[in-house]
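J.: Quick note: the sequence shown uses the numbering used here, first residue -15, plus one each step.
Quick reminder that beta carbons are idealized off the backbone N, C-alpha and C, glycines included.
Remember, it's a predicted structure, so these values are computed and weren't measured experimentally.
Please see the structure below; I have some questions.
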Amino acid sequence: MPKFNMNPKKNPMPSQAPDVRNGNFKEVALGYTAETAIDEAKRCLGCKNRPCVAGCPVNIAIPEFIAKVAEGEFEEAYQIIAKSSSLPAVCGRVCPQETQCEGKCTRGIKAGCESVGIGRLERFVADYHNEHAKEKAARVPSNGHKVAVIGSGPAGLTCAGDLAKMGYDVTIYEALHVAGGVLVYGIPEFRLPKAIVQKEVDNLKDLGVKIKTDMVIGRVLSIEELKDEYGYEAIFIGSGAGLPRFMNIPGENLNGVYSANEFLTRSNLMKAYKPGSDTPIQHGKKVAVVGGGNVAMDAARTAKRLGADVHIIYRRGEEELPARREEVEHAKEEGIVFDLLTNPTRIIATDTDNPRDPSYGWVKGIECIRMELGEPDASGRRSPKEVPGSEFVIDVDCVIMSLGTSPNPLLKATTPGLETLKRGEIAVDENGKTSLEGVYCGGDAATGAATVIKAMGAGKVAAKSIDEYIRSKNN
(Lines of atoms letter the chains of each structure in order from A and count residues from 1; the text may use other names and numbers.)
(Lines give C-alpha, C1' and ligand atoms only; values in the text may rest on other atoms or scores of the structure.)
Protein backbone atom coordinates (compact mmCIF):
# COMPACT_ATOMS: atom_id res chain seq x y z
CA MET A 1 0.00 0.00 0.00
CA PRO A 2 1.53 3.40 -0.99
CA LYS A 3 2.55 5.70 1.85
CA PHE A 4 1.32 8.84 0.09
CA ASN A 5 -1.67 9.63 -2.09
CA MET A 6 -0.40 12.14 -4.65
CA ASN A 7 -3.81 12.92 -6.15
CA PRO A 8 -3.81 16.73 -6.62
CA LYS A 9 -7.50 16.98 -5.66
CA LYS A 10 -8.95 16.32 -2.22
CA ASN A 11 -11.62 13.67 -1.84
CA PRO A 12 -15.01 15.30 -2.47
CA MET A 13 -17.44 15.64 0.41
CA PRO A 14 -20.64 13.62 -0.17
CA SER A 15 -23.71 15.82 0.25
CA GLN A 16 -27.44 15.98 -0.30
CA ALA A 17 -28.51 17.01 -3.81
CA PRO A 18 -29.30 20.76 -4.00
CA ASP A 19 -32.94 20.27 -5.07
CA VAL A 20 -33.47 17.92 -2.12
CA ARG A 21 -31.61 19.75 0.65
CA ASN A 22 -33.17 23.15 -0.05
CA GLY A 23 -36.43 21.71 1.20
CA ASN A 24 -35.21 20.21 4.48
CA PHE A 25 -33.10 21.11 7.52
CA LYS A 26 -30.97 17.96 7.54
CA GLU A 27 -27.20 18.39 7.40
CA VAL A 28 -26.02 19.16 3.87
CA ALA A 29 -22.61 17.50 4.07
CA LEU A 30 -22.78 13.76 4.79
CA GLY A 31 -19.20 13.16 5.95
CA TYR A 32 -16.35 10.89 4.88
CA THR A 33 -16.38 7.13 5.23
CA ALA A 34 -13.45 5.47 7.00
CA GLU A 35 -11.97 4.44 3.65
CA THR A 36 -12.24 7.96 2.24
CA ALA A 37 -10.75 9.48 5.38
CA ILE A 38 -7.72 7.16 5.23
CA ASP A 39 -7.25 7.94 1.54
CA GLU A 40 -7.44 11.69 2.17
CA ALA A 41 -5.08 11.47 5.15
CA LYS A 42 -2.47 9.87 2.89
CA ARG A 43 -2.36 13.10 0.87
CA CYS A 44 -0.62 14.75 3.85
CA LEU A 45 3.13 15.04 3.39
CA GLY A 46 3.88 15.36 7.12
CA CYS A 47 5.92 18.53 6.58
CA LYS A 48 8.64 19.10 9.17
CA ASN A 49 7.89 22.84 9.41
CA ARG A 50 4.14 22.10 9.88
CA PRO A 51 2.73 25.29 8.28
CA CYS A 52 -0.84 24.07 8.84
CA VAL A 53 -0.35 24.23 12.61
CA ALA A 54 0.73 27.86 12.37
CA GLY A 55 -2.54 28.57 10.56
CA CYS A 56 -4.68 27.04 13.32
CA PRO A 57 -5.81 29.51 16.02
CA VAL A 58 -5.74 26.74 18.65
CA ASN A 59 -2.56 25.05 17.34
CA ILE A 60 -3.87 21.53 16.84
CA ALA A 61 -1.08 19.05 16.07
CA ILE A 62 -2.45 18.54 12.57
CA PRO A 63 0.22 16.32 10.93
CA GLU A 64 0.21 14.03 13.95
CA PHE A 65 -3.57 13.51 14.02
CA ILE A 66 -3.68 13.03 10.25
CA ALA A 67 -0.91 10.42 10.47
CA LYS A 68 -3.06 8.46 12.89
CA VAL A 69 -6.03 8.69 10.51
CA ALA A 70 -3.85 7.33 7.69
CA GLU A 71 -3.08 4.33 9.93
CA GLY A 72 -6.76 3.82 10.74
CA GLU A 73 -6.15 4.77 14.37
CA PHE A 74 -9.15 7.09 14.63
CA GLU A 75 -9.52 7.27 18.43
CA GLU A 76 -5.83 8.08 18.81
CA ALA A 77 -6.31 10.83 16.23
CA TYR A 78 -9.20 12.23 18.29
CA GLN A 79 -7.15 12.28 21.47
CA ILE A 80 -4.46 14.34 19.71
CA ILE A 81 -7.05 16.89 18.57
CA ALA A 82 -8.71 16.96 22.00
CA LYS A 83 -5.49 18.17 23.61
CA SER A 84 -5.95 21.50 21.81
CA SER A 85 -9.64 21.73 20.91
CA SER A 86 -12.73 21.33 23.08
CA LEU A 87 -15.09 21.36 20.08
CA PRO A 88 -13.61 19.26 17.26
CA ALA A 89 -16.95 18.13 15.79
CA VAL A 90 -18.01 21.77 15.59
CA CYS A 91 -14.75 23.09 14.14
CA GLY A 92 -14.64 20.35 11.51
CA ARG A 93 -17.94 21.69 10.21
CA VAL A 94 -17.88 25.48 10.50
CA CYS A 95 -14.26 26.68 10.64
CA PRO A 96 -12.98 28.59 7.60
CA GLN A 97 -10.17 26.09 7.04
CA GLU A 98 -9.48 27.49 3.58
CA THR A 99 -8.07 30.69 5.12
CA GLN A 100 -6.48 29.02 8.15
CA CYS A 101 -4.88 25.56 8.34
CA GLU A 102 -5.70 24.49 4.79
CA GLY A 103 -4.66 27.90 3.50
CA LYS A 104 -1.12 27.15 4.72
CA CYS A 105 -1.02 23.52 3.50
CA THR A 106 2.00 22.70 1.32
CA ARG A 107 -0.10 20.53 -0.98
CA GLY A 108 -2.22 23.54 -1.91
CA ILE A 109 0.66 25.80 -2.93
CA LYS A 110 1.29 24.23 -6.32
CA ALA A 111 -0.97 25.39 -9.15
CA GLY A 112 -3.83 22.99 -9.82
CA CYS A 113 -3.34 21.21 -6.49
CA GLU A 114 -5.71 21.34 -3.53
CA SER A 115 -4.79 21.36 0.13
CA VAL A 116 -5.41 18.33 2.32
CA GLY A 117 -9.03 18.25 3.59
CA ILE A 118 -8.01 18.95 7.18
CA GLY A 119 -11.45 20.13 8.25
CA ARG A 120 -13.15 17.11 6.74
CA LEU A 121 -10.74 14.80 8.53
CA GLU A 122 -11.28 16.59 11.85
CA ARG A 123 -15.03 16.20 11.43
CA PHE A 124 -14.67 12.50 10.62
CA VAL A 125 -12.45 11.83 13.63
CA ALA A 126 -14.75 13.72 16.03
CA ASP A 127 -17.86 11.97 14.71
CA TYR A 128 -16.10 8.60 14.99
CA HIS A 129 -15.22 9.30 18.62
CA ASN A 130 -18.72 10.49 19.49
CA GLU A 131 -20.19 7.35 17.96
CA HIS A 132 -17.77 4.79 19.36
CA ALA A 133 -16.37 6.15 22.63
CA LYS A 134 -17.57 4.06 25.55
CA GLU A 135 -15.86 5.87 28.41
CA LYS A 136 -16.50 9.41 29.61
CA ALA A 137 -13.59 11.80 29.97
CA ALA A 138 -11.92 11.44 33.35
CA ARG A 139 -12.37 14.34 35.75
CA VAL A 140 -9.29 16.04 37.11
CA PRO A 141 -9.15 16.25 40.93
CA SER A 142 -10.34 19.63 42.20
CA ASN A 143 -7.73 22.24 43.03
CA GLY A 144 -10.21 24.05 45.30
CA HIS A 145 -10.62 27.20 43.19
CA LYS A 146 -13.81 28.51 41.56
CA VAL A 147 -14.17 30.33 38.21
CA ALA A 148 -17.33 31.70 36.57
CA VAL A 149 -17.78 31.83 32.81
CA ILE A 150 -20.38 34.18 31.33
CA GLY A 151 -21.75 32.82 28.06
CA SER A 152 -21.72 29.31 26.60
CA GLY A 153 -20.61 30.07 23.07
CA PRO A 154 -17.31 28.80 21.63
CA ALA A 155 -15.14 31.14 23.73
CA GLY A 156 -16.93 30.29 26.97
CA LEU A 157 -17.07 26.55 26.33
CA THR A 158 -13.37 26.44 25.45
CA CYS A 159 -12.30 28.49 28.46
CA ALA A 160 -14.47 26.35 30.75
CA GLY A 161 -13.14 23.11 29.31
CA ASP A 162 -9.50 24.11 29.61
CA LEU A 163 -9.97 25.29 33.20
CA ALA A 164 -11.81 22.08 34.15
CA LYS A 165 -8.88 20.06 32.81
CA MET A 166 -6.67 22.05 35.24
CA GLY A 167 -8.88 21.11 38.18
CA TYR A 168 -10.96 24.28 38.54
CA ASP A 169 -14.57 24.27 39.71
CA VAL A 170 -16.19 25.98 36.72
CA THR A 171 -19.76 27.23 36.33
CA ILE A 172 -21.06 28.63 33.05
CA TYR A 173 -23.86 31.22 33.22
CA GLU A 174 -25.91 31.27 29.99
CA ALA A 175 -28.54 33.96 29.35
CA LEU A 176 -30.75 31.81 27.12
CA HIS A 177 -32.39 28.48 27.85
CA VAL A 178 -30.06 26.17 25.88
CA ALA A 179 -26.26 26.10 26.16
CA GLY A 180 -24.20 26.64 23.03
CA GLY A 181 -24.49 30.32 22.20
CA VAL A 182 -24.08 31.10 18.52
CA LEU A 183 -23.49 27.40 17.81
CA VAL A 184 -27.14 26.75 18.73
CA TYR A 185 -28.90 30.04 18.11
CA GLY A 186 -27.00 31.36 15.11
CA ILE A 187 -25.75 28.51 12.91
CA PRO A 188 -28.52 26.58 11.10
CA GLU A 189 -29.22 22.90 11.66
CA PHE A 190 -28.27 22.05 8.07
CA ARG A 191 -24.73 23.31 8.69
CA LEU A 192 -24.28 22.33 12.32
CA PRO A 193 -26.79 19.88 13.83
CA LYS A 194 -27.83 20.80 17.36
CA ALA A 195 -27.21 17.22 18.49
CA ILE A 196 -23.52 17.71 17.64
CA VAL A 197 -23.35 20.83 19.80
CA GLN A 198 -25.20 19.09 22.64
CA LYS A 199 -22.71 16.22 22.53
CA GLU A 200 -19.80 18.64 22.86
CA VAL A 201 -21.58 20.37 25.77
CA ASP A 202 -22.17 16.98 27.40
CA ASN A 203 -18.46 16.20 27.05
CA LEU A 204 -17.70 19.34 29.10
CA LYS A 205 -20.24 18.33 31.73
CA ASP A 206 -18.43 15.00 32.00
CA LEU A 207 -15.34 17.01 32.93
CA GLY A 208 -17.31 18.57 35.79
CA VAL A 209 -18.34 21.88 34.20
CA LYS A 210 -21.69 23.11 35.58
CA ILE A 211 -24.07 25.08 33.37
CA LYS A 212 -26.80 27.42 34.63
CA THR A 213 -29.21 28.64 31.92
CA ASP A 214 -31.67 31.57 31.92
CA MET A 215 -29.07 33.60 33.82
CA VAL A 216 -28.67 37.09 32.38
CA ILE A 217 -25.56 38.39 34.09
CA GLY A 218 -26.03 42.10 34.58
CA ARG A 219 -29.67 41.56 35.46
CA VAL A 220 -30.10 38.37 37.54
CA LEU A 221 -26.62 38.71 39.05
CA SER A 222 -23.89 41.28 38.67
CA ILE A 223 -20.20 40.58 38.16
CA GLU A 224 -19.58 42.02 41.65
CA GLU A 225 -22.08 39.57 43.15
CA LEU A 226 -20.44 36.63 41.38
CA LYS A 227 -17.15 37.58 43.01
CA ASP A 228 -18.26 38.82 46.42
CA GLU A 229 -21.26 36.61 47.20
CA TYR A 230 -20.57 33.45 45.21
CA GLY A 231 -16.83 33.29 45.80
CA TYR A 232 -15.53 33.12 42.21
CA GLU A 233 -11.85 34.03 42.16
CA ALA A 234 -11.91 34.90 38.47
CA ILE A 235 -14.55 35.53 35.82
CA PHE A 236 -14.40 35.03 32.07
CA ILE A 237 -16.76 37.02 29.85
CA GLY A 238 -17.63 35.19 26.64
CA SER A 239 -21.02 36.78 26.02
CA GLY A 240 -20.56 37.20 22.27
CA ALA A 241 -21.81 39.95 20.00
CA GLY A 242 -25.56 39.70 19.64
CA LEU A 243 -26.56 43.33 19.07
CA PRO A 244 -27.51 43.69 15.38
CA ARG A 245 -26.69 46.62 13.12
CA PHE A 246 -29.05 48.23 10.63
CA MET A 247 -28.67 50.58 7.66
CA ASN A 248 -30.90 53.36 9.04
CA ILE A 249 -32.80 53.65 5.78
CA PRO A 250 -36.53 54.46 5.50
CA GLY A 251 -38.81 51.51 6.18
CA GLU A 252 -36.58 49.46 8.49
CA ASN A 253 -39.29 49.66 11.17
CA LEU A 254 -41.90 47.90 9.00
CA ASN A 255 -43.38 44.53 9.87
CA GLY A 256 -41.46 41.82 8.04
CA VAL A 257 -38.02 43.38 8.60
CA TYR A 258 -35.71 41.28 10.78
CA SER A 259 -32.11 41.22 11.84
CA ALA A 260 -30.40 38.01 10.76
CA ASN A 261 -29.83 37.21 14.46
CA GLU A 262 -33.53 37.30 15.24
CA PHE A 263 -34.51 35.44 12.09
CA LEU A 264 -32.02 32.62 12.62
CA THR A 265 -32.69 32.29 16.34
CA ARG A 266 -36.46 32.10 15.98
CA SER A 267 -36.54 29.88 12.90
CA ASN A 268 -33.65 27.46 13.32
CA LEU A 269 -34.02 26.83 17.03
CA MET A 270 -37.67 25.87 16.66
CA LYS A 271 -36.89 23.63 13.69
CA ALA A 272 -34.16 21.90 15.67
CA TYR A 273 -35.95 21.36 18.96
CA LYS A 274 -39.59 21.03 17.91
CA PRO A 275 -39.56 19.15 14.59
CA GLY A 276 -42.84 19.45 12.73
CA SER A 277 -44.00 22.50 14.68
CA ASP A 278 -44.62 25.88 13.12
CA THR A 279 -41.98 28.51 13.71
CA PRO A 280 -42.63 31.85 15.42
CA ILE A 281 -41.42 33.78 12.39
CA GLN A 282 -43.00 35.09 9.22
CA HIS A 283 -42.73 32.59 6.38
CA GLY A 284 -42.09 35.11 3.63
CA LYS A 285 -42.81 34.15 0.05
CA LYS A 286 -40.27 36.59 -1.38
CA VAL A 287 -37.30 37.41 0.86
CA ALA A 288 -34.39 39.81 0.49
CA VAL A 289 -31.27 39.26 2.61
CA VAL A 290 -28.98 42.30 2.80
CA GLY A 291 -25.31 41.41 3.32
CA GLY A 292 -22.69 39.03 2.00
CA GLY A 293 -21.16 37.22 4.98
CA ASN A 294 -21.64 33.73 6.33
CA VAL A 295 -24.60 34.86 8.44
CA ALA A 296 -26.27 36.26 5.32
CA MET A 297 -25.81 32.90 3.59
CA ASP A 298 -27.27 31.12 6.62
CA ALA A 299 -30.29 33.42 6.70
CA ALA A 300 -30.88 33.12 2.95
CA ARG A 301 -30.60 29.34 2.92
CA THR A 302 -32.91 29.10 5.95
CA ALA A 303 -35.52 31.29 4.25
CA LYS A 304 -35.26 29.07 1.18
CA ARG A 305 -35.98 26.01 3.30
CA LEU A 306 -39.03 27.76 4.72
CA GLY A 307 -40.42 28.04 1.18
CA ALA A 308 -39.32 31.48 -0.02
CA ASP A 309 -37.82 32.80 -3.21
CA VAL A 310 -34.67 34.49 -1.93
CA HIS A 311 -32.43 37.32 -3.16
CA ILE A 312 -29.09 38.22 -1.54
CA ILE A 313 -28.35 41.94 -1.95
CA TYR A 314 -24.70 42.94 -1.62
CA ARG A 315 -23.09 46.24 -2.55
CA ARG A 316 -19.80 44.82 -3.79
CA GLY A 317 -18.89 42.18 -6.39
CA GLU A 318 -18.62 38.40 -6.04
CA GLU A 319 -14.88 38.43 -5.37
CA GLU A 320 -15.47 40.70 -2.37
CA LEU A 321 -18.13 38.48 -0.78
CA PRO A 322 -16.83 37.83 2.75
CA ALA A 323 -18.69 34.51 3.10
CA ARG A 324 -16.86 31.22 2.71
CA ARG A 325 -16.68 30.18 -0.94
CA GLU A 326 -18.29 26.84 -0.08
CA GLU A 327 -21.30 28.60 1.45
CA VAL A 328 -21.70 30.87 -1.57
CA GLU A 329 -21.61 27.91 -3.94
CA HIS A 330 -24.11 25.98 -1.82
CA ALA A 331 -26.46 28.98 -1.82
CA LYS A 332 -26.26 29.27 -5.61
CA GLU A 333 -26.88 25.55 -6.05
CA GLU A 334 -29.97 25.82 -3.87
CA GLY A 335 -31.54 28.44 -6.12
CA ILE A 336 -30.74 31.67 -4.27
CA VAL A 337 -30.38 34.75 -6.51
CA PHE A 338 -27.38 37.06 -5.96
CA ASP A 339 -27.96 40.76 -6.69
CA LEU A 340 -24.37 41.99 -6.55
CA LEU A 341 -23.16 45.58 -6.87
CA THR A 342 -26.56 46.51 -5.50
CA ASN A 343 -27.46 48.53 -2.39
CA PRO A 344 -30.83 49.14 -0.70
CA THR A 345 -32.05 52.73 -0.42
CA ARG A 346 -35.43 52.21 1.26
CA ILE A 347 -37.94 49.53 2.23
CA ILE A 348 -41.40 50.06 0.78
CA ALA A 349 -44.64 49.54 2.71
CA THR A 350 -47.93 48.18 1.43
CA ASP A 351 -50.26 50.77 -0.13
CA THR A 352 -52.96 50.83 2.54
CA ASP A 353 -53.26 53.68 5.06
CA ASN A 354 -55.95 51.87 7.02
CA PRO A 355 -54.59 50.52 10.32
CA ARG A 356 -57.38 47.93 10.36
CA ASP A 357 -56.22 46.43 7.07
CA PRO A 358 -54.21 43.22 7.83
CA SER A 359 -51.54 44.34 5.36
CA TYR A 360 -51.05 47.72 7.03
CA GLY A 361 -47.42 48.40 8.01
CA TRP A 362 -45.98 45.37 6.22
CA VAL A 363 -43.17 45.18 3.68
CA LYS A 364 -44.13 45.32 0.00
CA GLY A 365 -40.76 45.81 -1.68
CA ILE A 366 -37.20 47.02 -1.38
CA GLU A 367 -35.80 49.83 -3.53
CA CYS A 368 -32.17 49.40 -4.55
CA ILE A 369 -29.59 51.27 -6.57
CA ARG A 370 -26.89 49.81 -8.79
CA MET A 371 -23.28 50.23 -7.68
CA GLU A 372 -19.96 50.32 -9.50
CA LEU A 373 -16.44 49.94 -8.18
CA GLY A 374 -14.38 53.12 -8.10
CA GLU A 375 -10.67 53.60 -8.66
CA PRO A 376 -8.32 51.62 -6.41
CA ASP A 377 -7.06 53.36 -3.27
CA ALA A 378 -3.50 53.16 -1.92
CA SER A 379 -4.14 49.61 -0.70
CA GLY A 380 -5.63 48.52 -4.04
CA ARG A 381 -9.15 48.31 -2.62
CA ARG A 382 -11.95 49.61 -4.84
CA SER A 383 -14.89 51.11 -2.97
CA PRO A 384 -18.39 50.86 -4.44
CA LYS A 385 -20.23 54.01 -5.50
CA GLU A 386 -23.78 54.59 -6.67
CA VAL A 387 -24.75 54.72 -10.33
CA PRO A 388 -27.06 57.77 -10.58
CA GLY A 389 -30.55 57.05 -11.89
CA SER A 390 -30.22 53.25 -11.59
CA GLU A 391 -32.85 52.73 -8.87
CA PHE A 392 -35.15 49.72 -9.16
CA VAL A 393 -37.56 47.81 -6.91
CA ILE A 394 -37.57 44.13 -5.94
CA ASP A 395 -40.97 42.84 -4.81
CA VAL A 396 -40.51 41.20 -1.39
CA ASP A 397 -42.62 40.63 1.70
CA CYS A 398 -39.69 40.08 4.10
CA VAL A 399 -36.28 41.76 4.50
CA ILE A 400 -33.46 40.30 6.63
CA MET A 401 -30.61 42.64 7.56
CA SER A 402 -27.26 40.85 7.95
CA LEU A 403 -24.83 43.73 8.44
CA GLY A 404 -22.79 42.58 11.40
CA THR A 405 -23.21 42.76 15.16
CA SER A 406 -21.66 44.32 18.23
CA PRO A 407 -21.63 43.27 21.91
CA ASN A 408 -24.71 43.81 24.04
CA PRO A 409 -24.13 46.94 26.21
CA LEU A 410 -25.75 45.38 29.30
CA LEU A 411 -22.53 44.33 31.06
CA LYS A 412 -20.90 47.71 30.44
CA ALA A 413 -23.98 49.50 31.80
CA THR A 414 -24.14 47.39 34.97
CA THR A 415 -20.43 46.90 35.73
CA PRO A 416 -18.62 49.99 37.07
CA GLY A 417 -15.04 50.28 35.84
CA LEU A 418 -15.37 47.85 32.91
CA GLU A 419 -13.69 49.62 30.01
CA THR A 420 -15.05 49.23 26.47
CA LEU A 421 -14.02 50.31 22.99
CA LYS A 422 -15.82 52.56 20.51
CA ARG A 423 -18.27 49.92 19.25
CA GLY A 424 -18.91 48.42 22.64
CA GLU A 425 -16.26 45.68 22.62
CA ILE A 426 -14.79 44.99 26.05
CA ALA A 427 -11.21 46.26 26.21
CA VAL A 428 -8.65 43.50 26.88
CA ASP A 429 -4.90 43.05 26.74
CA GLU A 430 -3.08 40.27 24.87
CA ASN A 431 -3.89 37.84 27.71
CA GLY A 432 -7.62 38.60 27.73
CA LYS A 433 -7.42 40.67 30.94
CA THR A 434 -9.99 43.46 31.28
CA SER A 435 -9.76 46.67 33.30
CA LEU A 436 -11.21 44.86 36.33
CA GLU A 437 -9.19 42.71 38.74
CA GLY A 438 -9.71 39.00 38.06
CA VAL A 439 -12.06 39.59 35.10
CA TYR A 440 -11.10 38.30 31.65
CA CYS A 441 -12.84 38.38 28.30
CA GLY A 442 -12.49 36.84 24.84
CA GLY A 443 -14.27 36.04 21.62
CA ASP A 444 -16.81 38.30 19.94
CA ALA A 445 -17.43 40.27 23.16
CA ALA A 446 -13.85 41.56 22.85
CA THR A 447 -13.31 41.61 19.08
CA GLY A 448 -16.76 42.01 17.55
CA ALA A 449 -18.17 39.29 15.33
CA ALA A 450 -15.47 36.85 14.16
CA THR A 451 -15.08 33.10 13.63
CA VAL A 452 -15.81 30.21 15.97
CA ILE A 453 -12.20 29.05 16.01
CA LYS A 454 -10.84 32.53 16.80
CA ALA A 455 -13.25 32.74 19.72
CA MET A 456 -12.01 29.35 20.87
CA GLY A 457 -8.42 30.58 20.61
CA ALA A 458 -9.29 33.55 22.82
CA GLY A 459 -10.93 31.22 25.33
CA LYS A 460 -7.74 29.14 25.52
CA VAL A 461 -5.56 32.22 26.05
CA ALA A 462 -7.86 33.47 28.81
CA ALA A 463 -7.93 30.08 30.56
CA LYS A 464 -4.13 30.05 30.71
CA SER A 465 -4.10 33.63 32.02
CA ILE A 466 -6.76 32.88 34.65
CA ASP A 467 -4.75 29.89 35.88
CA GLU A 468 -1.61 32.03 36.15
CA TYR A 469 -3.55 34.78 37.93
CA ILE A 470 -5.08 32.48 40.55
CA ARG A 471 -1.80 30.63 41.12
CA SER A 472 0.09 33.91 41.66
CA LYS A 473 -2.59 35.11 44.08
CA ASN A 474 -2.35 31.98 46.18
CA ASN A 475 1.43 31.58 46.30
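Which of the three DSSP states is assigned to V100 in this structure?
T.: V100: coil per DSSP, three-state reduction.
J.: Take the Cβ of K10 as the centre, count every other Cβ of all protein chains shown within 10 Å, and call the residue buried at 16 or more, exposed below.
T.: It counts as exposed.
J.: Using a Cβ-Cβ distance cut-off of 7 Å, determine whether K(-7) contacts chain B.
T.: Going by chain labels, chain B is absent from the structure shown, which holds only one protein chain.
J.: Go ahead and label L14 buried or exposed: buried means 16 or more other beta carbons lie within 10 angstroms of its beta carbon, across all protein chains shown.
T.: Flag for L14 reads exposed.
J.: What ranges does the beta strand (DSSP E) occupy inside the segment 336 to 380, keeping only unbroken runs of at least 3 residues that lie completely in it?
T.: Taking only runs of at least 3 residues, the beta strand (DSSP E) segments lying wholly in the segment 336 to 380 are 347 to 357, 368 to 370 and 376 to 379.
J.: Mind pulling the beta strand (DSSP E) runs of 3 or more residues that sit fully within the segment 120 to 151?
T.: You should have 130 to 134.
J.: Between the C-alpha atoms of S343 and T334, what's the straight-line distance to the nearest angstrom?
T.: When rounded, the distance between both Cα atoms is 7 Å.
J.: Less than 7 Å separating the beta-carbons of L357 and P372?
T.: No; because the gap between Cβ atoms is not below 7 Å, this pair is not in contact.
J.: Report the rounded CA-to-CA distance for N43 versus V412, giving the unit in angstroms.
T.: Taking the straight line from one Cα to the other gives about 22 Å.
J.: Where do the N-terminal and C-terminal ends of the beta strand (DSSP E) with C382 fall, by residue?
T.: C382 to M385 is the extent of the beta strand (DSSP E) around C382.
J.: Considering only residues of the segment 32 to 119, which uninterrupted alpha helix (DSSP H) runs meet the minimum length of 4 residues and lie entirely inside it, listed in chain order?
T.: Entirely contained in the segment 32 to 119, the alpha helix (DSSP H) runs reaching 4 residues are, in chain order, 35 to 38, 46 to 54, 58 to 66, 72 to 78 and 102 to 116.
J.: In angstroms with no decimal places, state the Cα-to-Cα distance between E119 and N187.
T.: Straight-line Cα distance between these residues: approximately 11 Å.
J.: Locate the alpha helix (DSSP H) running through R455, then write down its first and last residues.
T.: V436 to K457 is the extent of the alpha helix (DSSP H) around R455.
J.: Tell whether a beta-carbon distance below 7 Å holds between G222 and A139.
T.: Going by C-beta atoms, G222 is nearer than 7 Å to A139.
J.: Can you find the residues in the same chain that come closer than 7 Å, C-beta to C-beta, to I171, ignoring five residues on each side of it along the sequence?
T.: V78 and D282, listed in sequence order.
J.: Closer than 8 Å by C-beta to N(-9): which residues in its own chain qualify, once you throw out the five before and the five after it? Chain order, please.
T.: Cβ neighbours of N(-9) beyond the five flanking positions: R27.
J.: Leaving out the 5 sequence neighbours to the left and right, which residues in its chain are closer than 6 Å to V423 when beta-carbon positions are compared?
T.: Excluding positions up to five away in sequence, the list reads I219.
J.: Which residue or residues does DSSP assign as beta-bridge partners of V274?
T.: According to DSSP, V274 bridges with I297 and M385.
J.: Suppose the cutoff is 8 Å on Cβ atoms and the five residues either side in sequence are ignored; what does the same chain contact list for R203 look like?
T.: Same-chain partners within the cutoff: L394 and T398.
J.: If I measure Cβ to Cβ from D379 and keep anything under 8 Å in the same chain, skipping five residues before and after, which residues do I get?
T.: These residues qualify, in order along the chain: K270, K348 and G349.
J.: To the nearest angstrom, report how far apart M(-3) and R104 are at their CA atoms.
T.: Cα to Cα, the separation comes out at about 8 Å.
J.: Specify, as a first and last residue, the run of the alpha helix (DSSP H) that P393 falls within.
T.: Neither: P393 is in no alpha helix (DSSP H) and is coded neither H nor E.
J.: Drop a sphere of 10 angstroms on the beta-carbon of H471, count the other beta-carbons inside from all chains shown, and report buried for 16 or more, exposed for fewer.
T.: The requested residue 471 does not occur in the structure, where the chain is confined to residues -15 to 459.
J.: So N327 is in the beta strand (DSSP E); what residue range does that whole segment cover?
T.: Here the beta strand (DSSP E) through N327 covers T326 to A333.
J.: Please work out which residues of its chain come closer than 6 Å, Cβ to Cβ, to D198, disregarding the five sequence neighbours upstream and downstream, and give them in chain order.
T.: Excluding residues within five positions, the ones whose Cβ falls inside 6 Å are H161.
J.: Following the continuous beta strand (DSSP E) through Y157, name the residue where it begins and the one where it ends.
T.: Start and end: D153 to Y157.
J.: Can you have a look at T404 and say buried or exposed, based on whether 16 or more other CB atoms are within 10 angstroms of its CB?
T.: By the 10 Å Cβ count, T404 comes out buried.
J.: Compute every distance between the C-beta of I353 and the non-hydrogen atoms of the ligand HEM, then say whether any falls below 6 Å.
T.: Annotation note on the ligand HEM: not contained in the displayed structure, which lists no ligands.
J.: Confirm, please, whether the CB-CB distance from N278 to A307 is below 7 Å.
T.: It is a contact, given that the beta carbons lie within the stated cut-off.
J.: List the whole-angstrom C-beta distance separating A225 from A433, where the pair is believed to meet the contact cut-off of C-beta under 8 Å.
T.: Contact holds; Cβ gap of about 5 Å.
J.: So, is V185 buried or exposed, given that buried needs 16 or more other C-beta atoms within 10 angstroms?
T.: Its Cβ being crowded by 16 or more others within 10 Å, V185 is buried.
J.: Tell me the DSSP secondary structure of D212 in three-state form.
T.: D212: helix per DSSP, three-state reduction.
J.: Alpha carbon to alpha carbon, how far is S419 from Y214?
T.: So the two alpha carbons sit approximately 21 Å from each other.
J.: By DSSP's criteria, V423 is part of a beta bridge. Which residues make up the other side?
T.: The partner list for V423 (beta bridge, DSSP) reads I219.
J.: In this structure, how does DSSP classify T286 when only helix, strand and coil are distinguished?
T.: Correct three-state label for T286: helix.
J.: Looking at the structure shown, is L167 part of a helix, part of a strand, or coil, going by DSSP?
T.: Reduced to three states, the DSSP call for L167 is helix.
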